[in-house]
Structures are given as structure tokens and as C-alpha cells.
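Mapping of the sequence shown onto this note's numbering: position 59 corresponds to residue 1158, and the numbering continues sequentially without gaps. We put the beta carbon where it would ideally sit given N, CA and C, even for glycine.
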Amino acid sequence: MILNQAGTRRFRAYTSKHLDDLLLRAGLDDDERLKVRAVATVLPFRTNAYVVDELIDWSAAPDDPLYRLVFPQADMLPAADVARLADLLKAEAPPAELLPEANRVRARLNPHPAGQMELNVPRLDDEPVPGLQHKYPETVLIFPKQGQTCHAYCTYCFRWAQFVGDADLKFASDDVDQMVRYIRRHPEVTSVLITGGDAMIMGEPVLRRYLEPLLALDQLESIRIGTKSLAYWPQRFTTDPDADSTLELFERVVAAGKNLAFMAHFTHPRELEPPLVEAAVRRILGTGATIRTQAPLIRSINDDPALWSAMWRRQLRMGMIPYYMFVERDTGPQDYFAVPLARAHEVFRDAYASVSGLCRTVRGPSMSATPGKVCVDGVTEIAGQRVFVLHLIQARDPSLVGRPFFAHYDPTAVWLGDLRPAFADRFPFEPVVEAAAEEALVAV
């Protein structure tokens, strides 16, 4: 165990070079370990000593949900791809041979879903602004260069492309002045989300460099920080050397009149159990910040309504606000982790029905898709047709927010792209085909 001067454990990361030894601890044989290592050439692997020693139940590995949360699985990618990469590893192929093959597999995994590269990157003086995304009028996402890693990587992460070392797949910038100039020119922006990666991987001096300039922007009402640090390294707020100065920085943000909201990712109730988490939550709330919780619904990890209701109830007791249940996004190993939309609604409905009104701040199941956040409100029958009822919680086009629409029921659908409109020839967010264009097509 590595200790700091206060006698508490220091952060220790485990990466792909430690993977084989950790897989031995899970009881995997040589062939199984080779396949997992092959998957890890495509998808990123990183965990830490706290997750390994405090969260994972090794007696249940590799089926333990917390193990599956951070460790690659041999069948997460198509078998032919895994076999090809495993053969290269077995032959001790050089990086010059292995990396192109891994990149070919990555390119088929939709590394930037929902139009992130094509539609979300804003422009300033006709030039793209790196490290920013502006999808909804009132909200800008900031990707700080120093925050594009995490204390541990979730196997389902939709931002996996940030972590594989390919500059062409990565959003990041450290040009704070340019970010501030962009926000000033867009008075409709009232909220900023600092995301990644994980902003809380940054030390307090670096985090301050991004936060302090935002405090001078009167237009900003809220600053959000997307983080899984409370689950994967709560010491960031309790015993890390800059824990106290970080909390003082949060106090300054609140004192400046900004709503500081932690968007905390908790995927399983076990992440909430260690006393360190409760201590960290208490310290953050003591600064005047709020903590809102969110996570995707993931097959084999949390696809059980009892887990979600237990998680929401415990979060409420700890002073946090349940916020979102997301649908696994259309990227990376989606086929491995996705839960059908019909089942996702059942899980949400049953969990929602078993909690008090104070927990019912949560929304979902929600798909963060190209047009916006699409919520599955239910399944019903209208005019003899079984349909999904949906609405947009948030949208690129604000006029669409809150408008219900319908899709034909499909028990196998896992994403918006799998659905067909019902009672209409298109969804409300899809472009209208001009009559003239239709006539031209008919003529042809």
C-alpha cells in the first residue's frame, strides 16, 4: 500500500500493462486472458487500487457487476476481430502492425455518436473552436485538455474515443481565453458543463484556471462538472493533498452567484457504500454545491429495477438529487451492453414506482441522440397499434422540447435509429421532404 503523509492511500492507477496480472486474480485461463487483452487493444482500460480493493467482489469475478464495470470482456467485440487481434498479440506483433488493426476495429464502432464532430463543434470568426461543443442553445460543453482521462474507465463509456491516444478522435483544448470569448459572443448560453474525461482528475490549480474566468460572465447561471470521481476516487475530496483547496474553490464559485452542480455518475449501489463516499459527498454539499446523479442502464451491470430504486433512495438520504437514467449510446460495444428500449422503460417504471416523490426528480430512460435527449415515456396501444410514446427532454430545436411523438413498437429496438415513426411519415425532428422534390423523384 502506498501512503501519503497523512497516512492515507495515494492514488495508484492500473493500465493495460497490469491487465494480465489482474485477470489472473479473476481466475481467467491463458486463452481467456489473451482475448481480453485483445479487446483492450481497441477499447481503453484503466482502473485504480481503490476500485480494485474496495469495490470489486473478487470472489464473484468475472461475473461481479463492478468487475464488469471496469474490466473488458472477451465477447465485447465481434469474435473475428478478437481472434485476429489475439493472434497478433500471441505472435508478439510490433505496434506498427497491431495499431492499424485496432484502429480498423475502432472505426466501425461509431467513435463520435450523435453528430459530435459534424454538428456540435462551434465556430468563432469562421474557425472551429477546439475543445468546445455547443449542441443546445443554452449549454456549452468544455473539454479541458488536462481533464481528458479518468480515475478509472467504464467499459461502456460512450467517450471511449477520448482515451485511445488518437488525436483525430479527441476533443480537448487549453485555450481558456478562446472559450470565454465564444461564450461572451453567445448571450443565449447560460450554463457550462465541464466534461471529459473527468474534470476532477485535474489538480486544483489547473481546475481553477478553467473555472475562475467563468465567474466573470454574468450571463452564466450554472456551472456543471461531469465526474465519476465520487465513485472511483472519493479521496479527491477528503484526503488528497489539494482536497481542501478544491473545496475552497467550489465555495468561491457559489459565492460568485453561480449554481455549481456536480453531475455525479453512480452506476451501481455498491459504489455508494464506502464511508469515504459519504464523507466526500458531505464535504462537497458543505460548499453550497449540489450533486445530481446519473448513469446509463447497462446489461449485466444494473439492468434490475431493485438496484436503481436502492441507488436513488440511498442518494436521496445522502443529500444528492437523482437526475437521469440514460440508455446505452450507439457507440463502442453497444451491442454487448444495450438493453432493449421496451425493457429499459420497464426497469425505469418499476424503480420509479417504488420510491418516494423526492426521488422522482429522476428522468428517463433517455437517449442522448442527434436531435436531442429522447425520453421513452411508455408503451401503449392507440387505434389498434402498439406504440412507443416518446418526447424530447432537450433538443437542438427548442420548439420540439416536450412535444410527444410516437414510434411503432419494436421489442428488439435499442436506440432511436431502430425506430419507425407511427401515425406520421417522419419524426418531428426529421426534415420535411418538399413536395417539389418528391414530384421530381416520381418523375425520375
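Nearest C-alpha to Ala-1482 among Phe-1522, Leu-1457, Leu-1518: Phe-1522. Annotated three-state conformation of Glu-1237 is coil, per DSSP. The three-state reading of DSSP puts Cys-1458 in helix, counting H, G and I together. Of all alpha-carbon atoms in Arg-1283, Thr-1338, Thr-1479, Pro-1340, the one lying nearest the alpha-carbon of Leu-1313 is that of Arg-1283. In this structure, Asp-1429 is the residue among Asn-1147, Asp-1476, Asp-1429 with its C-alpha nearest to the C-alpha of Asp-1517. In this structure, the alpha-carbon of Pro-1164 lies about 29 Å from that of Leu-1292.
Taking C-alpha positions only, Arg-1382 is separated from Ala-1112 by approximately 24 Å. Ser-1453 and Trp-1411 have their C-alpha atoms some 10 Å from each other. With 16 or more neighbouring CB atoms inside 10 Å of its own CB, Val-1138 falls in the buried class.
Within the stretch 1243–1322, complete beta strand (DSSP E) segments of at least 3 residues are found at 1290–1293, given in chain order. An exposed status is given to Ser-1399, since fewer than 16 other beta-carbon atoms sit within 10 Å of its beta-carbon.
Annotation for Gln-1232: Asn-1219, Leu-1240 place their beta carbon closer than 6 Å to its own, counting only its chain and skipping 5 residues before and after. By the neighbour-count criterion, in which 16 or more other beta carbons inside 10 Å mark a residue as buried, Thr-1479 falls on the exposed side.
If you check the CB distance, Leu-1384 and Arg-1413 do not come in under 8 Å. By the neighbour-count criterion, in which 16 or more other beta carbons inside 10 Å mark a residue as buried, Leu-1396 falls on the buried side. For Ile-1324, the beta-bridge partners assigned by DSSP are Ile-1293, Phe-1361. Residue pairing for Phe-1447: DSSP places it in no beta bridge. Exclusion of the five residues before and after Ala-1330 leaves Phe-1365, Glu-1370 as the residues of its chain whose Cβ lies within less than 6 Å of its Cβ. Per DSSP, Val-1488 is one residue of the beta strand (DSSP E) stretching across 1484–1494. For Val-1220, no alpha helix (DSSP H) encloses it, and the DSSP letter there is neither H nor E.
Within the model, the alpha-carbon separation for Met-1417 versus Val-1380 is close to 7 Å. The closest CA to that of Leu-1198, considering only Val-1169, Leu-1142, Gln-1493, is found on Leu-1142. Using a Cβ distance threshold of 8 Å, Ile-1324 and Thr-1248 do not count as a contacting pair. Contact check for Pro-1421 against Thr-1460 passes: the beta carbons are separated by less than 8 Å.
Comparing alpha carbon positions, the residue from Val-1279, Met-1175, Thr-1289, Gly-1477 closest to Gly-1431 is Met-1175.
In this structure, Phe-1436 places its C-beta atom within 8 Å of the C-beta atom of Glu-1427.
When the beta-carbon positions are compared, Ala-1468 and Leu-1515 come within less than 8 Å of each other. Within the same chain, Thr-1289, Ser-1290, Lys-1357, Asn-1358 come within 8 Å of Glu-1320 by CB-CB distance, once the 5 residues on both sides are set aside.
Burial state of Glu-1303 is buried, judged by a 10 Å Cβ sphere holding 16 or more other Cβ atoms. Per DSSP, the continuous beta strand (DSSP E) segment holding Arg-1391 begins and ends at 1389–1396.
The beta carbon of Phe-1361 sits closer than 8 Å to the beta carbons of Arg-1323, Ile-1324, Thr-1326, Leu-1329, Ile-1383, Ala-1388, Thr-1389, Ile-1390, Arg-1391 from its chain, once the five residues preceding and following it are set aside; these are given in chain order. Note on geometry: alpha-carbon atoms of Phe-1349 and Phe-1144 lie some 30 Å from one another. For the options Trp-1407, Lys-1244, Ala-1173, the alpha carbon positioned closest to that of Thr-1294 is the one of Lys-1244.
With a beta-carbon spacing of about 6 Å, Tyr-1149 and Trp-1332 fall inside the 8 Å limit used to define contacts.
With distances taken between CA atoms, Leu-1440 lies nearest to Ala-1506 out of Thr-1386, Ser-1408, Ala-1506.
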